[in-house]
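See structure below.
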Amino acid sequence: MFPKDRYASAAMRHIGCTQCPRRRIQVPDRNVERVLNALGVAVFVVDADMCIQFHNGAAISLFGHGLRGKMLATFVPNKRCIRTVEEVIDGRSSASVSIKLQIVAPTTFRMTATRLVPILGQEDDPGVVVSFEDISHVLEAKQMRSDFVANVSHELRSPLTTLGGMIETLQGHARYDPDAMTRFLDLMETEATRMARIIDDLLSLSKLQSVERYAPTERVELPPVIDAVVKLLAPIIDNEKVTVEMDFTPDMKPVTGDPHELGQVFRNLIENAAKYSRNGAVIRIEGCNDSREPDMVCIAVSDEGDGIAPEHISRLTERFYRIDKDRSRDKGGTGLGLAIVKHILMRHRGRLQIDSEVGKGSVFTALLPIAAGQL
Ligand SMILES: Nc1ncnc2c1ncn2[C@@H]1O[C@H](COP(=O)(O)OP(=O)(O)OP(=O)(O)O)[C@@H](O)[C@H]1O
Ligand SMILES: [Mg+2]
4 MFPKDRYASA AMRHIGCTQC PRRRIQVPDR NVERVLNALG VAVFVVDADM CIQFHNGAAI
64 SLFGHGLRGK MLATFVPNKR CIRTVEEVID GRSSASVSIK LQIVAPTTFR MTATRLVPIL
124 GQEDDPGVVV SFEDISHVLE AKQMRSDFVA NVSHELRSPL TTLGGMIETL QGHARYDPDA
184 MTRFLDLMET EATRMARIID DLLSLSKLQS VERYAPTERV ELPPVIDAVV KLLAPIIDNE
244 KVTVEMDFTP DMKPVTGDPH ELGQVFRNLI ENAAKYSRNG AVIRIEGCND SREPDMVCIA
304 VSDEGDGIAP EHISRLTERF YRIDKDRSRD KGGTGLGLAI VKHILMRHRG RLQIDSEVGK
364 GSVFTALLPI AAGQL
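See the structure below:
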C-alpha cells in the first residue's frame, strides 16, 4: 500500500498558472484526470488566488472552453459561492452552499469547496477543489411531490366538504322532508362515486408506473377492442347526442399490447371526444399503419368540439389538469384520464399526439408499435 503522501504525490503533477505564473499548484495526473472526466459533476481545482488550475470535462459542458488560468468568479458570478471558496482558501476544511446560476435557464447547484491536503516535503499550494452538482431535478421532484399531494388533498376535500354539508342538512331541517332526502341522497351518491373514481384512477396510475419498465407482450387486434369500447360507451354517446364513425384500413397490423389497458386508452379518448363535442357532432375513429413510422400503427380520434388553445395542449396529460374545471366536473371527470392514457402508451412504447384548432375540433392520435413478426 502507498503511504498517503507518496500516493498523493504520485497522483499529482505541477503546473504554473497563466494569469499568475509564479504560483505553482499540484493538479491531478492523467489517470485521476480520467476519473474526474468520467464524472457528471463539474470539478475545478483553484489556487489561493481563486485562479482555475484544473477542470474536468463536465466543467466545460457547463461553463464552456477556455477555463484554465481564468478566475473562478469570471464564470461563476455568485457572491455566496465566491465567499464560500474564500473561506476554504483561508483555512476552513470544507464548505457547501446551494446557489442558482443562469446556465441557459436558471439552474440550482450544490457547490462544495474542499481544501486539498499539502504533500509532505513540498511547498506548493495544495489548492481547493470546487465542485458544482446540478440539483435542479431533485428540487423539481420535491416540488412535484408537494404539488401532487396538495392537488390530491384539494380534489378529495371538495366532494368531502359537499358530503359533510349534505349530511348536516339531512340531520337538520331536511330530516322530515322525503323529497329533499331523495335529492340529497342522490347528490351524496354522485360525490361518493366521484371520490371513489379519483382513488381508483390514482391507484391505476401508481400501478402503471410500477410496471412501466415492462412492456406488454400480447398480440392485439385493435378494431375489436375499440368496437367493444364504443358499445360500452353507448349511454354516454347517446346522452351527448353525438355519432361515432369508425374506419380501419384492411391492412392495419395488430399491435403488441395489453388489450385491457388499450381499452382504457380508447375509452378515455372517445369519452372525451363525446363529452367535449357539441350535440349532433360526429366523432371519427380512424386506424392505419403509420406512413411516417413503418413500425407503428396510428389510431386517430377526431371530434368537432371547441378545440384546445395551444397553451393548454402540452399540459393536458398532467394529473388533474383541466381546461374548464367546472365543465369537467359536471361531466363527472377527475382530470386523470389523459395522464392514464399517457402512461399506458409509454408502457407500450407508444405515444400520444394531440392536434387541435380552436373552433374546429381536436385530434388525439395514439401511436403503437406493430406486433413482433408483423412488419
Ligand atoms: N377532445 C377534447 N376536446 C376538448 N378538450 C379536451 C378534449 N379531451 C380532453 N380535453 C380537456 O383536457 C382535460 C383533461 O382530460 P382528461 O381526460 O385527463 O380529464 P377529464 O376528461 O376531465 O376527466 P376524466 O378523464 O377523469 O373523466 C379535460 O378536462 C378537458 O378540459
Ligand atoms: Mg377524460
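So the sequence shown is residues 4 to 378, counted in the working numbering. Built from N, CA and C at the ideal position, the CB exists for glycine as well.
Other residues of its chain near residue i: CB distance less than 6 Å, five sequence neighbours each side excluded
i	result
Y279	G308
C301	D293, T368, L370
D306	A276, S280, I286, G364, S365
V79	none
A237	none
I357	I316, F367
F269	I229, V232
Sequence-distant residues of its chain with Cβ nearer than 8 Å to residue i (five each side left out)
i	result
V91	S97, A98, A116, T117, R118, V131
E360	G310
H346	L208, L211, Q212, E215
E224	P257
G336	K278, R325
P226	M249, F251, M255, G290
D298	P372, I373, L378
Sequence-distant residues of the same chain with beta carbon closer than 7 Å to residue i, five excluded per side
i	result
D137	T110, F112
M191	L166, M169
G43	A61
Residues bridged to residue i [DSSP beta-bridge criterion]
i	result
P372	M299
D137	F112
N260	Sequence inspection shows Gly at residue 260; the Asn mentioned does not correspond to that position. Looking at the DSSP assignment, G260 forms a beta bridge with E221.
L355	A369
T117	S97, V132
V46	S134
K103	T111
R287	E248, S305
E360	G364
Distance cut-off 7 Å: residue i Cβ against heavy atoms of ligand 2
i	result
G336	yes
Near ligand 1: residue i beta-carbon under 7 Å from a heavy atom
i	result
F151	no
A342	yes
R354	no
S365	yes
L159	no
R325	yes
G308	yes
Quiz prompt | Neighbourhood of ligand 2 [Cβ distance below 5 Å to any heavy atom], ordered by chain position | solution = N271, N275, G340
Exercise. Please list the segments of the alpha helix (DSSP H) lying wholly inside the region 299–351, counting only runs of 4 or more residues, in order along the chain.
Key: 313–316, 328–333, 340–350
Practice problem: Would you list, in sequence order, the uninterrupted beta strand (DSSP E) runs of no fewer than 3 residues that lie entirely inside the region 185–260? | Solution: 221–223, 246–251, 258–260
Quiz item: Quick one: complete alpha helix (DSSP H) runs, 4+ long, within the region 56–100?
Solution: 60–66, 75–78, 82–92
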